[in-house]
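A.B. asks:
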Amino acid sequence: MIAIVDYDVGNLKNVATALGDVGLSGTITRDKKILDAADAIILPGVGAFSDAMDNLRKFDLIDALNDNVKKGKILMGICLGMQLLFDKSYEDGEFSGLSYIPGEIVKFDAPGIKIPHMGWNNLVINRDSPLVKNIGTEDYVYFVHSYYAKPDNFDDVVAYAKYSVKVPAIVQKDNVIGMQFHPEKSSNVGFKLLTNFKEMIS
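What the sequence shown shows, in the working numbering, is residues 238 to 439, in sequence order.
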């Protein structure tokens with residue numbers, strides 16, 4: 238069973254449906270006992286970084302996430318959920334994140350580019366990982382974001398997309414994974430990536 242963290246941020250049912258498509262059972266929850274019992278945890282999210290962190294605190298979820306990450310359970314953040322995995326964000330101020338992956342979240346600032354980065358972009362593999370088995374540069378995924386991750390160590394980036402800069406698209410540090418794009422909206426490529434995720438936790 239995969240626990241999908243319910244903290245009033247984003248459309249969780251789409252993620253649960255996508256998990257079902259690859260044969261995984263997703264349970265939408267904010268119950269610590271269910272998080273503890275899960276085989277892996279997914280932290281989805283859309284919206285503002287500070288609001289998301291406030292909601293994690295409001296529902297008393299940060300300690301539950303910390304405990305499970307320390308135990309070695311796989312945690313995967315999607316879109317805003319990935320950004321929360323880093324130390325801090327400069328979205329509308331400066332706000333602390335979960336600090337599972339060293340780095341920060343910054344705004345696209347290259348002149349002339351459209352913000353948000355929205356639509357399909359291809360993945361460039363930065364390093365090997367079971368997450369990107371059978372994934373190559375011809376594979377496109379769906380992004381919607383105005384801020385992007387700047388990890389302290391680019392080796393934590395499994396794959397990136399090019400959008401004025403190298404935009405970390407998939408990150409992984411030990412048992413913590415992030416996908417900046419929406420695998421649940423990324424058609425066959427999203428299906429392949431979630432299948433790889435399934436194989437990692439089985």
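Ideal Cβ positions, reconstructed from N, Cα and C, are used throughout, including at glycine.
Under three-state DSSP, which class holds S333?
C.D. replies: Of the three classes helix, strand and coil, the one that applies to S333 here is strand, per DSSP.
A.B. asks: Do you know offhand how far P405's Cα is from K370's?
C.D. replies: For P405 and K370, the distance between alpha carbons rounds to 17 Å.
A.B. asks: Whole angstroms is fine: what's the gap from G282's alpha carbon to C316's?
C.D. replies: Taking the straight line from one Cα to the other gives about 6 Å.
A.B. asks: Please state whether DSSP places D324 in a helix, a strand or coil.
C.D. replies: Here D324 sits in strand by DSSP.
A.B. asks: At what residue ranges does the segment 278–316 contain a whole run of the beta strand (DSSP E), taking only runs of 3 or more?
C.D. replies: Correct list: 311–315.
A.B. asks: Among G263, F380, D329, which has the Cα closest to the Cα of H354?
C.D. replies: Checking every option, the nearest Cα to that of H354 belongs to F380.
A.B. asks: How should I279 be labelled, buried or exposed, when 16 other C-beta atoms within 10 angstroms of its C-beta is the threshold for buried?
C.D. replies: That one is buried.
A.B. asks: Which residues share a DSSP beta bridge with L358?
C.D. replies: Reading the sequence as shown, one finds Asn at residue 358 and not Leu. Answer by DSSP bridge pairing, in chain order: V378.
A.B. asks: Starting from the C-beta of I414, find all residues in its chain whose C-beta is less than 6 Å away, skip the five residues before and the five after it, and write them out in chain order.
C.D. replies: Correct list, in chain order: M313.
A.B. asks: Buried or exposed for I241, please, with buried defined as at least 16 other CB atoms from any protein chain shown within 10 angstroms of its CB.
C.D. replies: With 16 or more Cβ atoms within 10 Å of its Cβ, I241 is classed as buried.
A.B. asks: Using a Cβ distance threshold of 8 Å, determine whether the segment 384–400 contacts the segment 329–344, with at least three qualifying pairs required.
C.D. replies: Yes, since at least three Cβ pairs between the segment 384–400 and the segment 329–344 fall closer than 8 Å, the two stretches touch.
A.B. asks: Where D273 and T374 are concerned, what is the direct C-alpha to C-alpha distance, given to the nearest angstrom?
C.D. replies: Their Cα atoms are separated by approximately 36 Å.
A.B. asks: Buried or exposed, going by whether 16 or more other CB atoms sit within 10 Å of the CB of D238?
C.D. replies: Checking the displayed sequence, the identity of residue 238 turns out to be Met instead of Asp. Label assigned to M238: exposed.
A.B. asks: Cα separation between D346 and S401?
C.D. replies: The straight-line gap from Cα to Cα measures roughly 9 Å.
A.B. asks: Go through its chain and collect everything with a Cβ distance to G318's Cβ below 6 Å, but skip five positions before and after it.
C.D. replies: If we look at G318 and ignore the five residues flanking it on each side, its Cβ neighbours are L280, P281, G282.
A.B. asks: In the DSSP assignment, find the alpha helix (DSSP H) that holds G257 and state where it starts and stops.
C.D. replies: Note, G257: alpha helix (DSSP H), 249–258.
A.B. asks: Which of the three DSSP states is assigned to V246 in this structure?
C.D. replies: The answer is coil: DSSP assigns V246 none of H, G, I, E or B.
A.B. asks: Can you tell me which of the three DSSP states K435 falls into?
C.D. replies: Helix.
A.B. asks: Please report how far the alpha carbon of Q320 lies from the alpha carbon of G247, in whole angstroms.
C.D. replies: Looking at the two C-alpha atoms, the distance is approximately 14 Å.
A.B. asks: On a Cα-Cα basis, can you pick out the residue from L249, S423, P348 that is closest to D376?
C.D. replies: Comparing Cα positions, the closest option is S423.
A.B. asks: To the nearest angstrom, how far is the alpha carbon of S439 from that of D276?
C.D. replies: For S439 and D276, the distance between alpha carbons rounds to 8 Å.
A.B. asks: How far does the beta strand (DSSP E) with K387 in it reach, from first residue to last?
C.D. replies: That run of the beta strand (DSSP E) goes 384–388.
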